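Using the working numbering, you'd call the opening residue of the sequence shown number 589 and step up by one each time.
Even glycine gets a Cβ: it sits at the ideal position worked out from N, Cα and C.
What you are looking at is a predicted structure, and each value in this text was computed from that prediction instead of being measured.
Reviewing the structure listed below.
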Amino acid sequence: MMKSTPGDINHRARKRFGQNFLEDDGIIQRIVRSIGANSSDHLVEIGPGKGAITQWLVESCEKLDVVELDRDLAAWLSIQYEKQSHFTLHQADALKFDFSQLQQGEKPLRILGNLPYNISTPLIFHLLTYHKLVGDMHFMLQKEVVERMSASPGQKAYGRLGIMVQYYCRVDTLFLVPPEAFNPQPKVESAIVRLQPYDQPPYPAKDIKLFQRLVNIAFQQRRKTLRNALKQLAPVEQIDALELDTSRRPENLSLQEFVDLSNILSDLIE
Ligand code: SAH
Numbered sequence: 589m590m591k592s593t594p595g596d597i598n599h600r601a602r603k604r605f606g607q608n609f610l611e612d613d614g615i616i617q618r619i620v621r622s623i624g625a626n627s628s629d630h631l632v633e634i635g636p637g638k639g640a641i642t643q644w645l646v647e648s649c650e651k652l653d654v655v656e657l658d659r660d661l662a663a664w665l666s667i668q669y670e671k672q673s674h675f676t677l678h679q680a681d682a683l684k685f686d687f688s689q690l691q692q693g694e695k696p697l698r699i700l701g702n703l704p705y706n707i708s709t710p711l712i713f714h715l716l717t718y719h720k721l722v723g724d725m726h727f728m729l730q731k732e733v734v735e736r737m738s739a740s741p742g743q744k745a746y747g748r749l750g751i752m753v754q755y756y757c758r759v760d761t762l763f764l765v766p767p768e769a770f771n772p773q774p775k776v777e778s779a780i781v782r783l784q785p786y787d788q789p790p791y792p793a794k795d796i797k798l799f800q801r802l803v804n805i806a807f808q809q810r811r812k813t814l815r816n817a818l819k820q821l822a823p824v825e826q827i828d829a830l831e832l833d834t835s836r837r838p839e840n841l842s843l844q845e846f847v848d849l850s851n852i853l854s855d856l857i858e
């Protein structure tokens, strides 16, 4: 594999941008191997920072877009890679970035990043809105966030994030990364997760907005009964008329059960 060695950059990590730079070559190689990029891929990296992962990917794809918020790093990156005509830097906030503008023809976007942990949950929700354009996503996240993404009903970590991610994507936890792999070191353990959006969600909701509202409301009070959540969405009499065990707690309902429930509700509300 070729490596385009980045020049030196004198950059103090900025906490407000969630900057923890990867410095462990073994971990970096493992991430790069997990992504397994090939020469026809269209890659999109969020938060490339000082290019720890970028430098290994830029040579092995057809197109590489990177989205970096920090102006200093963005300026450095654009000089670093200016000779690579297939490299495009977007100095922007990934939370507000329109990822659909990157798509070229039908080619799926392969998104990746060692994400700033302070914005990881809203960023994942933002990226899910582009699920149709995305081939797969590989992220470094705080270990607890990966646990929430892959959690099953009844587990403590199970909730809104897991349900919404699993609605759209197959989720695979690949490996753990200790704080020592970074500089500065985060206080938490990290993990690499792979998300692969389904062509068709296995349990499609008739009304995706309603499904999202149901899941939101259900987990605002995760220890209360389902009946409590449902009555915010439909008249109590109608809910009680359904043959449903509404004494259950949201934390024990599977993705499929949430989808079924939202489909029943959508018939009620129509
Ligand atoms: N990928 C690099 C850097 C990871 S640190 C590495 O592994 O070493 C997280 C990176 O995300 C930093 O470069 C930070 O400036 C950038 N970042 C933080 N908030 C961002 C946002 N809202 N949009 C885009 N990039 C952001």
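Check: T761 (DSSP reduced to helix, strand or coil); Outcome: strand
Check: From E650, E611, A662, V803, residue whose alpha carbon lies closest to that of I634; Outcome: A662
Check: CA-to-CA distance, A745 to D724, given in whole angstroms; Outcome: 23 Å
Check: M589 to R698 span [Cα, whole Å]; Outcome: Residue placement at M589 is poorly supported in this model, since its pLDDT is 44, which falls under 50; the coordinates still yield a value, given next. Each residue's Cα considered, the two are about 19 Å apart.
Check: Selection from E650, T642, K651 that minimises the alpha carbon distance to Q668; Outcome: T642
Check: Residues of its chain near I805, where Cβ-Cβ distance is below 6 Å and the 5 sequence neighbours each way are ignored; Outcome: A817, Q820
Check: Expected contact under 8 Å - CB spacing of K794 and N851 to nearest Å; Outcome: 5 Å
Check: Between the CA atoms of L652 and L631 - distance to the nearest angstrom; Outcome: 5 Å
Check: Any C-beta of chain D under 8 Å from that of T709; Outcome: Among the protein chains of the structure shown there is no chain D, as only one such chain exists.
Check: According to DSSP, residues forming a beta bridge with M752; Outcome: Beta-bridge pairing links M752 to no other residue.
Check: Cβ pair count under 8 Å reaching 3, the stretch 671–679 against the stretch 704–717; Outcome: no
Check: Residues bridged to Q730 [DSSP beta-bridge criterion]; Outcome: S778
Check: Inter-stretch contact at 8 Å, needing at least 3 Cβ pairs: the stretch 837–854 / the stretch 776–788; Outcome: no
Check: Cα-Cα separation between Y791 and V646, rounded to whole angstroms; Outcome: 37 Å
Check: Any non-hydrogen atom of the ligand SAH within 7 Å of A663 CB; Outcome: no
Check: Reduced DSSP secondary structure (H/G/I, E/B, other) of L814; Outcome: helix
Check: Closest Cα partner of R604 within the set G701, D658, I616; Outcome: D658
Check: Alpha-carbon spacing of T593 relative to E732, whole angstroms; Outcome: Low confidence applies here, because T593 scores a pLDDT of 48, under 50, leaving its location unreliable and the question unanswered by this model.
Check: Residue burial classification, D629 (beta-carbon count within 10 angstroms, cutoff 16); Outcome: buried
Check: N- and C-terminal bounds of the alpha helix (DSSP H) containing R604; Outcome: Run containing R604: none; DSSP gives neither H nor E here.
Check: The ligand SAH heavy atom lying under 7 Å from the CB of Q773; Outcome: no
Check: Cβ-based neighbour list, I616, same chain, cut-off 8 Å, excluding 5 preceding and 5 following; Outcome: L610, A640, I641, W644
Check: Extent of the continuous beta strand (DSSP E) run through E825; Outcome: Run containing E825: none in the beta strand (DSSP E); it sits in the alpha helix (DSSP H), 824–829.
Check: Proximity below 8 Å, CB of S622 to CB of L764; Outcome: no
Check: Neighbourhood of P767 by C-beta, 6 Å cutoff - its chain only, sequence neighbours within 5 removed; Outcome: Q773, P774
Check: Which of helix, strand or coil DSSP assigns to S592; Outcome: Reliability of the predicted coordinates at S592 is poor, the pLDDT of 46 falling under 50, and no value is obtained from them.
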